[in-house]
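Worksheet for the structure shown next.
See the structure below:
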């Protein structure tokens, strides 16, 4: 075997032992816990089950591992949360003011604050997706501009969905995994029920459909 071939083989990562059969059960479990937390800690986005399965054994119950890690973090200022189909380390909400005082931003905040118009359009997309820009404009009784849609797309909060069956087959819009991550939910099913928002007086479907809930867009939002 040539020297170059030996170097190539030595550069390849060693096969990872995930089963850890040589360890007693307690130490095996602790090693799995350490691996799972290390992977989640190192990741910049939520880590899915399939990724974690690469570093633990076939008989490892990932949910129980997560539960044990959460129990150990109970007294810490950060926690493991289920968001966007995976798990992520996040600072606990109670420390938001502390983070803001230190850095001028809240933990996990990587995007600019949305205007009221942008937030309302995003909310509408979240609840009625897939939805076209024309349908959004009908909801609010005022044109929803391409610029406003562009702001939400630039922040990876929405993306293009399937073409609508309407004449001209316009694009529809749907929320993204980043939307789930930013709002701290695992799936869209965890969003508050529309009826619950109405009961709490936070939203009126009738006003939304009549365009009464949308304030005047700023000049920047005009289409």
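Residue numbers (the working numbering): 16 to 238. Think of the CB as a built atom: it goes at the ideal place given N, C-alpha and C, for glycine as much as any other residue. Here the structure is a predicted model, which is why all the values come from computation and not from measurement.
Close Cβ partners of residue i (< 6 Å) along its chain, the five nearest in sequence each way excluded
i          : result
residue 51 : 67, 80
residue 34 : 72
residue 43 : 35
residue 9  : No answer is possible for residue 9: it lies beyond the span of the chain, which begins at 16 and ends at 238.
Classification of residue i by the beta-carbon crowding that lies within 10 angstroms, buried from 16 upward
i           : result
residue 188 : buried
residue 74  : exposed
residue 31  : exposed
residue 161 : exposed
residue 205 : exposed
residue 178 : exposed
residue 113 : exposed
residue 10  : Since the displayed the chain opens at 16 and closes at 238, residue 10 lies outside it and no answer follows.
residue 203 : exposed
Unbroken alpha helix (DSSP H) run spanning residue i, endpoints
i           : result
residue 69  : Careful: residue 69 lies outside any alpha helix (DSSP H) and carries neither H nor E.
residue 166 : 161-169
residue 152 : 148-155
residue 111 : 111-118
residue 62  : Residue 62 -> no alpha helix (DSSP H), and no H or E assigned at all.
residue 131 : 131-143
residue 86  : 77-87
Residue i - containing beta strand (DSSP E), residue span
i           : result
residue 103 : 101-106
residue 40  : Not the beta strand (DSSP E): residue 40 falls in the alpha helix (DSSP H), residues 40-57.
residue 98  : 93-98
residue 322 : Because the chain here runs from 16 to 238, residue 322 falls outside it and cannot be looked at.
As assigned by DSSP and simplified to three states, the class of residue i
i           : result
residue 200 : coil
residue 176 : strand
residue 158 : coil
residue 31  : coil
residue 205 : helix
Residues near residue i by beta carbon distance below 7 Å, same chain, minus five either side
i           : result
residue 55  : 62, 95, 102, 103, 104
residue 117 : none
residue 53  : none
Residues near residue i in its chain [Cβ-Cβ closer than 8 Å; skip 5 each side]
i           : result
residue 201 : 97, 98, 99, 100, 195
residue 77  : 51, 64, 67, 68, 71
residue 85  : 94, 95
residue 185 : 147, 148, 149, 178, 179
residue 38  : 46
residue 168 : 174
The ligand FMN heavy atom lying under 8 Å from the CB of residue i
i           : result
residue 179 : The ligand FMN is absent from the structure shown, which contains no ligand whatsoever.
task = Specify whether the region 152-161 and the region 192-204 touch according to this definition: at least 3 beta carbon pairs, one from each stretch, less than 8 Å apart.
result = With the cut-off at 8 Å, the region 152-161 and the region 192-204 do not touch.
query = Looking at C-beta atoms only, is the number of pairs between the region 135-143 and the region 165-173 that lie closer than 8 Å three or more?
reply = Proximity of the region 135-143 to the region 165-173 meets the contact definition, three or more beta-carbon pairs being nearer than 8 Å.
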